[in-house]
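2 protein chains.
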Amino acid sequence: MPRALPPLNALRAFEAAGRHQSFSGAAEELGVSHSAISRHVRGLEDRLGAQLFRDLPRGVALTQAGARYLAALSPSFDRIAEASEVFDQRPTGQVTVDAEPLFAMKWLIPRLGDFYRRYPDIELRLQANSAIADLGRYEADLALRFFHAGPEGQDAPLLSNAPLYPFAAPSVVSRLMPPEKILSLPLLRDRHADTWRKWAGLAGCAPPAGAPSDWRMRARLAYETALAGHGVLLISSEIAEVDAASGRLIQCSDIGFRMGSYHLVSAEGVMRRSAVRLFREWILDQSAGLRSVNR
Amino acid sequence: MPRALPPLNALRAFEAAGRHQSFSGAAEELGVSHSAISRHVRGLEDRLGAQLFRDLPRGVALTQAGARYLAALSPSFDRIAEASEVFDQRPTGQVTVDAEPLFAMKWLIPRLGDFYRRYPDIELRLQANSAIADLGRYEADLALRFFHAGPEGQDAPLLSNAPLYPFAAPSVVSRLMPPEKILSLPLLRDRHADTWRKWAGLAGCAPPAGAPSDWRMRARLAYETALAGHGVLLISSEIAEVDAASGRLIQCSDIGFRMGSYHLVSAEGVMRRSAVRLFREWILDQSAGLRSVNR
DNA sequence: TCAAAAGCGTGCCTTTTTCGCACATATCAT
DNA sequence: ATGATATGTGCGAAAAAGGCACGCTTTTGA
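In the order they appear, the protein sequences are chains A and B.
If you're matching positions, the first sequence starts at 1 in the numbering used here and goes up one per residue.
If you're matching positions, the second sequence starts at 1 in the numbering used here and goes up one per residue.
Laid out in C-alpha cells, this is it:
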C-alpha cells in the first residue's frame, strides 16, 4: 500500500494558513516567520499542481479547491493532535495490586521503578497475599496470580509461564551439574512437594529419598534458605532471574518443566479507571519484555 | 488554538513502522534506510516520553500505548492521503457553457487558457447566446448571464458586477475628459438606449441630443465600432478591461454606475458531473481574482 | 557446527530542507 | 502622506534528515 503523501510540514503550514485565512496568522501559531508559511504553501501548490489560495488586495483567501482540501485536512490534524495529547497528561489515581509474595518481591518490585518514573502521580498500593482469593475481599483492583492450569475462562492475560529449574547458591552448586549430584543435595520444595519427584523423573533418576513432607515450607522461606546456601530449589526462572543475574543464585541444570503460569486478574469494573488501565498496560508491556534501554 | 503536534515526519515513520511491525518494512515503503526509521521512532518516543515499540528477539512489536497511538494515526493519514489523491487525477468529461457573446469574448475566453492548462482532458464546449433563455434549450450545462436585478432566488453566484464607464479608442478620447466633451462625441449604446441619459444625469449634464433609438445595435457591433474609433461606448469595465490593458481602449471618465451583474446559472442536475463542478469552481475562483503569478 | 541472512541500534559525515532576515511591493487606515 | 498590515523573494545560516558502515543478536540453512 504505497501511500505518497505530500510533504507533511507543508500540509501543516497550509492547514494553519487556511484556518487563519492568513499566512501571518499561521506563522504566529506555528512559531515561524511568515516567509516559511509562504514558501510551504507555494511549494504545496506546485507539488499538487493546483492553486490553494488566491490573492486578495490585502492578504489571501482559499480557493474552492483549497477550501475543500482544508476541510479534509483539519479533522485529520485534529485527531492526530488529540491522540498525541494523551502523552502530555500526567495520569493520577490509585491502583491496588495484589501479588503473590515471592512474585512480588522478585519479579514485580524490581520492575516498579519504571512504573514510578513513568507515572509519578499514580499511587500504587501493593499487597502480598498468596491465596488465590477473590479480589474484592482484599480490596484490590488487580492481582498477579499463579494458575496451574491456566485461568480457565477468566479474562486474565498471561504474564509469565517460564519453566521451573533447579537453582542454588554458588557455594552449593555450579552451572550444569549432573542430575544425580543435584538430587543428592538438600532439596528445597517450593509450594508443592512432588516437584522434585517430577524433575527426577524427567532427568531419568530415581525419585529423591526422604519424606516429601519434611521440607515443605512457605515459598519465601524456601527461597531465603536457598539464597543462604542451604539447598537446591526448584523454582520458576523468572523469579530466580534477578538473583541469578547478580550471581547470588546459579541455575545448575537445563532440565526443567512448566508447572503453570502467572496471570493478571482484574476485579469487576475497575477497567473504567484510567490508573488501573495504565497499570494493566504497563505490566503487560513489561511481561512481554520491553526494550531494555531506558531514557 | 495552539496545537503542538509532534514532528510529522516522525509520525509518518512511526505509523508505517507500526503497520509493518517492522522498521525495515517501513523503510522500504517510505524509500529510506532502516536507520532513518529507527531514529524517527526513537526521537518520537523521547519526545512523547513513552515507549511505542518493544524489542523482540528479532524485530520489534508495538507496545500497548504504541498500538493505541497507531490506531488513531492511521485513519488520519489515510484521510490525508485520500484528500491529496484528488489532485493526482486528471479529470475528464465535457462541459457545455453558454455565455453572452461579448462577455465570452472579452472576459471568458482570455481566461480559458488557464482552464485548458489545468484540465487538459476536459472538453469545453463554448456557446454564445445573448438571450436569457432556458439552459435546456441550448443543451448547456452552465450559462454566464447578465441580470439587471440579480438572479432573484436562483442559485446563481455572482461573477462580476463592475460598473459601466465610458470607453473609447485613444484616437477619440484621452483619460479623464470632462463629461460635456464626452457627451459631444458620437455615443454608442450598449444594450439599452437610456444608459447615456442616466450617465449624463450622474455627470450633471443635459441629456444627450439625438434620437436615442438611432444608435441601438447589437453589443458586439457597438464594441467593434468603439474599437474602430467611431465613438464612445458605455460598457462594463470588466469587459473593456482586456482592450484597456492593451491600450486599444481608454476609460475617459471615472463617472460610472452599476446596471446589473453577471452570474453563473446552472442547469438542473448537472452538478453531479465532476467536469461541470470543476468548471464551476474554476470560474468562481477566476471571478474572485486568482493570484496572477502562474506556474 | 558454522556461515549467512535478517533486523535493529549508532557514530560519523553529507546532503537536503527549512528558516530567518532583510528588503520589496501593495494596500489600508488615519 | 505616513505608518501599519500583509505577502513575495534572494541569500546565507542552521537544522533536520539521510546514508553508510559497522556492531550486535537471532534465526535459518547447509
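We put the CB at the ideal spot given by N, CA and C, even for glycine.
Quick caveat, the model's predicted, so the values are computed rather than measured.
- Distance between A:G231 and A:A240, taken at the CA atoms: about 14 angstroms.
- Classified as buried, A:H263 has 16 or more neighbouring CB atoms from the shown chains inside 10 Å of its CB.
- Between the region 249-266 of chain A and the region 154-164 of chain A there are three or more inter-stretch CB-CB distances shorter than 8 angstroms, so the stretches are counted as touching.
- Where B:D78 is concerned, there is no enclosing beta strand (DSSP E), although the alpha helix (DSSP H) around it starts and stops at Q64 to E85.
- Listed as beta-bridge partners of A:A168 by DSSP are A:I250.
- Between A:A81 and B:L5, the CB-CB gap stays under 7 angstroms.
- Residue state for B:G150 is assigned as coil, using DSSP reduced to three classes.
- Non-local C-beta neighbours of A:A26 in its own chain, meaning closer than 6 angstroms and more than five positions away in sequence, comprise A16, A17, H20 and I37, ordered along the chain.
- Going by DSSP, B:Y262 is part of the beta strand (DSSP E) stretching over S261 to S266.
- Taking the Cα of A:L48 as reference, the smallest distance to any Cα among B:A71, B:Q89, B:R47 and B:S74 is reached at B:Q89.
- Proximity of chain B to A:L73 at the Cβ level (cut-off 7 angstroms) is accounted for by I80 and A83, in chain order.
- Within the region 237-271 of chain A, contact with chain B at the beta-carbon level (separation under 8 angstroms) is assigned to no residue.
- Shown here, B:R273 sits in coil according to DSSP, grouped into three states, outside any helix or strand.
- At a Cβ-Cβ threshold of 7 angstroms, B:T92 and B:D55 do not count as neighbours.
- Counting along the chain, B:S130 sits inside no alpha helix (DSSP H), nor does DSSP assign it H or E at all.
- With respect to the C-alpha of B:C252, the residue from B:A267, B:M259, B:I235 and B:R258 having the closest C-alpha is B:I235.
- DSSP, reduced to helix, strand and coil, places A:I235 within a strand of the structure shown.
- Straight-line measurement puts the Cα of A:L8 at about 46 angstroms from the Cα of B:R258.
- The alpha-carbon of A:D285 is positioned some 40 angstroms away from that of A:P207.
- At least 7 angstroms separates the CB of A:S287 from every CB of chain B.
- Listed by position along chain B, the residues whose Cβ is nearer than 7 angstroms to that of A:Q64 are E281, L284 and D285.
- Of the other Cβ atoms in all chains shown, fewer than 16 fall within 10 Å of the Cβ of B:L176; this residue is therefore exposed.
- In the DSSP annotation of this structure, the continuous segment of the beta strand (DSSP E) that includes B:A99 starts and ends at G93 to A99.
- With the criterion set as a beta carbon lying under 7 angstroms from some beta carbon of chain A, the members of the region 12-46 of chain B are R12, E29 and D46, in sequence order.
- Taking C-beta atoms as the reference points, A:L126 and A:V172 fail to come closer than 7 angstroms.
- Comparing alpha-carbon positions, the option among A:P57, A:R58 and A:V41 lying closest to A:A50 turns out to be A:V41.
- Of the residues assessed, A:R117 falls on the exposed side of the cut-off, its CB having fewer than 16 other CB atoms within 10 angstroms.
- DSSP places A:L11 within a helical segment (H, G or I) once states are collapsed to three.
- For A:G49, the chain B residues whose Cβ falls inside 7 angstroms of its Cβ are F87, in order along the chain.
- Spanning the alpha carbons of B:T225 and B:A169 requires a straight line of approximately 9 angstroms.
- For B:S160, the closest Cβ of chain A is not nearer than 7 angstroms.
- For A:D114, the enclosing alpha helix (DSSP H) stretches over residues I109 to R118.
- Following the DSSP letters along the chain, one finds A:S24 inside the alpha helix (DSSP H) bounded by residues F23 to L30.
- In chain order, L8, N9 and R12 make up the part of chain A whose C-beta sits under 7 angstroms from the C-beta of B:L8.
- At a cut-off of 7 angstroms, the C-beta of B:R125 has no neighbouring C-beta in chain A.
- At a cut-off of 7 angstroms between C-beta atoms, B:S76 counts as an interface residue with respect to chain A.
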